[in-house]
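Participant: Residue numbers (the working numbering), protein chains in the order written: chain A, -17 to 269; chain B, -17 to 269. In this text, a Cβ means the ideal position worked out from N, Cα and C, and glycines have one as well. Encoded as C-alpha cells, here's the structure I'll be asking about.
There are 2 protein chains.
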Amino acid sequence: MDPLILDGRKVAQSVKNQLKLQIAELKQQDVTPKLATILVGNDEASKTYVQMKANTCHKLGMESERVFLPEETTTEELLSVIHQLNHDDTVHGILLQHPVPSQINERLAFDSIALEKDVDGVTSHGFGENTFQLGAYPCCTPAAILQVIDFYNLDLEGKHAVVIGRSPILGKPVSMMLLNRNATITVCHSKTENLPDVVKHADVVVAAVGQPKFVKGEWLKEGAIILDAGYNPGNIGDVEYETCYNKSSAITPVPGGIGPVTISMLLKHTVEAAMKQSNNLAMKLNM
Amino acid sequence: MDPLILDGRKVAQSVKNQLKLQIAELKQQDVTPKLATILVGNDEASKTYVQMKANTCHKLGMESERVFLPEETTTEELLSVIHQLNHDDTVHGILLQHPVPSQINERLAFDSIALEKDVDGVTSHGFGENTFQLGAYPCCTPAAILQVIDFYNLDLEGKHAVVIGRSPILGKPVSMMLLNRNATITVCHSKTENLPDVVKHADVVVAAVGQPKFVKGEWLKEGAIILDAGYNPGNIGDVEYETCYNKSSAITPVPGGIGPVTISMLLKHTVEAAMKQSNNLAMKLNM
C-alpha cells in the first residue's frame, strides 16, 4: 500500500488560518504582533530565509522589523542590539538567524534573548523549560514535526522513535518533545555504531542529520513513519525518498514537508508572545 | 568471568580527597564553602538525607545551614526563604530536599533557586545549560553516574546506553549527559512497549525507575554495564542484582554504588560554587 504523504503545506495552511483569527482579535485591542529578525553578515541562504519570514509575517497582517548587521559585527555589538530589542515593548518575538559569522559567540547571543521573546526556541533556558513542559516556546523545526504528527493524528505512545542528529536546536529538543509524548526515544549521531541496525527498530524516524539522502530505505522497518527535517542545497532532504517511500506507512516530502510548517510555528509563537505580553501590559496598567 | 564491581565508596573517597585540598585553599582566602539545605515537613527519610548531607559537609570542613519549614508551608513562604538564601553572600549552594508537601509548587520553588547556587542541578535553566555543556551544575545523581564511569575509565563512545526512567532530576539529565559523551541513548519509561527487547540492545543500562529489582538479568545483553541509580526502602536497587551480576561486565551494588557518590557530587558542586562566587566577589571589590 502506498504511504500517507504528510503534506506540510496543508498543515501550515491550517496553522495560518487559526493565526489570522488570533491576529484580527489582537488588532481589535490595538496590538499588532511583531517579529524582529537579526541577520549578521552576507550569507545568501540566510538572507532568503529572513526575507521569507518577513514576507509571511506581512501576508498574515503581522509586522516585522529586520535588523541587518555587517559581517564584522562583534559579539558585544550583537548583544547590544538584542538587549535593545528585549526592552522594546513593540517587539514580541526575536529571531537571530543561524549561523552567525565565526567571530561571534552564537550561544551567548542566543542565550541573551529574553525568554518571553524567544519565539525561535533557541535559549538554553527555553530548552530546559520546554523539556519540563513549563510553557517556553520550543524550537521551530521540532515544533513543526510535532505539529505534523498532531495534524495527521499519528499515535506516538509507546512507539519507538529514533532521532538521527543531536543539535541544540533540532535533535535534542525534538527527542525531549517526543519523550514527553510518551514515545520511547533513541538519539543517534556521528559516533553511533551500527546505525542501520538501530534505525531498523524505529516505528518513527526523525532525520535531522544535515546530509542529503542519508537515510536509506533498506534501513527501515516495514511501515515506519518518516519525518525528514533535512533541508540541503537543491531542496534535498536527509532521507532517500524513493527507497524510503516504499517501506514507510507515512512520509514527509522535501520540499513541502516539515519546512513550510517551521515558518508557521515561528509566527504562531510570535502571536502567542504578543497575546501574553499585551495581557501582562494590560494587567500592569490596571494595577 | 565475574563482573567488575563498581565501588561507589571508593569513587566518593577519591572525590572527597580532592575536595579537602580545594577547601583548604579556599580557607586560606577566608572562604568556607557553605551549603544551605531546606527541608519542608516531617518526612523521616528526607530528614535522614539532609542530616547525612550536613554531616558530610562538616566532616570535610564545610559549613551547612539547615532550614526546617513546617508541613503547612505555602509556596510563597518557601519562595521567600529561597530568595533570602539567593541573596546571602555567605551561602554558596542551596538544596531544596525533594519531595515537598503537595500544596507546594515544587517546580516553581526549584526554578527560583539562583542558577549559580543551584548545586543540586534542579532548575530547568540549569538542565538546559548542562545539556548544552555551558557550565551549570548537573543534577547530583546523574553527575555521580558519570563520575563512576570516569573513575573506572569505562568507554561510552558509540556505545548504546539505555536509560530506564525519564524524571527531570535523573532520567532526562543523565540521558543528555551520556549523549554528550558520544553514547547512543535510548530513554524508556512506563509507556515503553517491549521493554526487555529494548534493554537487550544496551551496552550500558542506567536503572532510574524507582521500583525495587525492576531490571532482570534475562533482559540483558551478555557483558552489559549496569548502573543502578535506584534506592528503594530497605537498601534495594532498581536492578535484580543476583541475576544481573552474572550477565554484566561491570555493575554497581546497592548500597555502596551510585548513592555515596551522589552526596560527594553535591559537595563538589558547592565547593566549585564557592570558588566561583569568591572569585567574582574579589573581582568586584578590585574594580
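By the criterion of Cβ-Cβ separation under 7 Å, what are the contact partners of B:M44 in chain D?
Facilitator: Looking for chain D here will not work: the only protein chains present are A and B.
Participant: In chain B, which residues lie less than 8 Å from A:E175 when you measure between Cβ atoms?
Facilitator: G140, K141, H142, T166
Participant: Run through the stretch 111 to 185 of chain B for me and flag every whole alpha helix (DSSP H) of 4 or more residues, listed as ranges in chain order.
Facilitator: 122 to 133, 153 to 162, 177 to 181
Participant: Any beta-carbon of chain A closer than 7 Å to the one on B:P276?
Facilitator: Residue coverage of chain B in this structure runs from -17 to 269, which leaves residue 276 of chain B outside it and unanswerable.
Participant: Hey, is A:G110's beta-carbon within less than 7 Å of any beta-carbon in chain B?
Facilitator: Interface residue, yes.
Participant: Using CA coordinates, which residue listed in A:Q85, A:E98, A:T72, A:F50 is at the minimum distance from A:L78?
Facilitator: A:F50
Participant: Is B:T252 helix, strand or coil when you go by DSSP?
Facilitator: helix
Participant: According to DSSP, is B:T244 part of a helix, a strand, or is it coil?
Facilitator: helix
Participant: What does the alpha-carbon distance come out to for the pair A:D132 and A:N214?
Facilitator: 25 Å
Participant: Rounded to whole angstroms, how far is the Cβ of A:K203 from the Cβ of A:H183, which I believe are closer than 8 Å?
Facilitator: 7 Å
Participant: Could you check whether A:K173 and B:G140 sit closer than 7 Å to each other, using their CB atoms as the reference points?
Facilitator: Their beta carbons are under 7 Å apart, which means B:G140 touches A:K173 by this criterion.
Participant: For B:K270, which three-state DSSP category applies?
Facilitator: Outside the modelled stretch of chain B, which goes from -17 to 269, sits residue 270 of chain B, for which no answer is possible.
Participant: Roughly how many angstroms lie between the CA atoms of A:T57 and A:N87, to the nearest whole one?
Facilitator: 6 Å
Participant: Report the CB separation of A:L138 from A:V186 in whole angstroms; it is logged as a contact under 8 Å.
Facilitator: Right, their Cβ atoms sit about 7 Å apart.
Participant: Does chain B have any CB closer than 7 Å to the CB of A:L160?
Facilitator: no
Participant: In chain order, which continuous runs of the alpha helix (DSSP H) of length 4 or greater are located wholly inside the stretch 52 to 104 of chain B?
Facilitator: 57 to 68, 88 to 93
Participant: Taking the straight line between their C-alpha atoms, what separation do you get for B:G103 and B:I151?
Facilitator: The straight-line gap from Cα to Cα measures roughly 8 Å.
Participant: Which value, in whole angstroms, describes the spacing of the CA atoms of A:A255 and A:P194?
Facilitator: 35 Å
Participant: In the structure shown, what three-state DSSP assignment does B:A27 receive?
Facilitator: helix
Participant: If you check the beta carbons only, do A:V197 and A:V236 fall under 7 Å apart?
Facilitator: no
Participant: Around the Cβ of B:P155, are there at least 16 other Cβ atoms within 10 angstroms (buried) or fewer (exposed)?
Facilitator: buried
Participant: Hey, does A:C170 have any beta-carbon neighbour from chain B nearer than 7 Å?
Facilitator: yes
Participant: Can you confirm whether the stretch 239 to 254 of chain B touches the stretch 26 to 38 of chain B when touching is taken to mean that 3 or more C-beta pairs between the two stretches lie within less than 8 Å?
Facilitator: yes
Participant: Suppose you measure from the CA of B:T14 to the CA of B:A(-6); what does that come to, to the nearest Å?
Facilitator: 21 Å
Participant: Strictly below 7 Å CB to CB, what residues from chain A border B:K198?
Facilitator: Going along chain A, no residue has its Cβ under 7 Å from B:K198, so there is no contact; the nearest lies around 18 Å.
Participant: According to DSSP, is A:N214 part of a helix, a strand, or is it coil?
Facilitator: Here A:N214 sits in strand by DSSP.
Participant: Taking 7 Å as the CB-CB limit, is A:F114 close to chain B?
Facilitator: It does; some Cβ of chain B falls within 7 Å.
Participant: Report buried or exposed for A:Q259, applying the criterion of at least 16 other Cβ atoms within 10 angstroms of its Cβ.
Facilitator: Per the 10 Å Cβ criterion, buried.
Participant: If A:V73 sits next to A:E47, beta carbons under 8 Å apart, how far is it from one beta carbon to the other, in whole angstroms?
Facilitator: Correct: roughly 6 Å between the Cβ atoms.
Participant: What residues match up with B:E224 in a beta bridge as DSSP calls it?
Facilitator: Under DSSP, no beta-bridge partner is assigned to B:E224.
Participant: In the DSSP assignment, find the alpha helix (DSSP H) that holds B:A6 and state where it starts and stops.
Facilitator: -10 to 10
Participant: Can you pull the chain A neighbours of B:S106, defined as C-beta to C-beta under 8 Å?
Facilitator: Under the 8 Å cutoff, chain A gives H107, G110, E111, T113, F114, L116.
Participant: Out of B:T168, B:N261, B:N262, B:H251, state which residue places its alpha-carbon closest to the alpha-carbon of B:D100.
Facilitator: B:H251
Participant: Who are the neighbours of A:R89 on chain B, taking C-beta pairs under 9 Å?
Facilitator: F114, L116
Participant: Which residue comes first and which comes last in the beta strand (DSSP E) that contains B:A232?
Facilitator: 230 to 233
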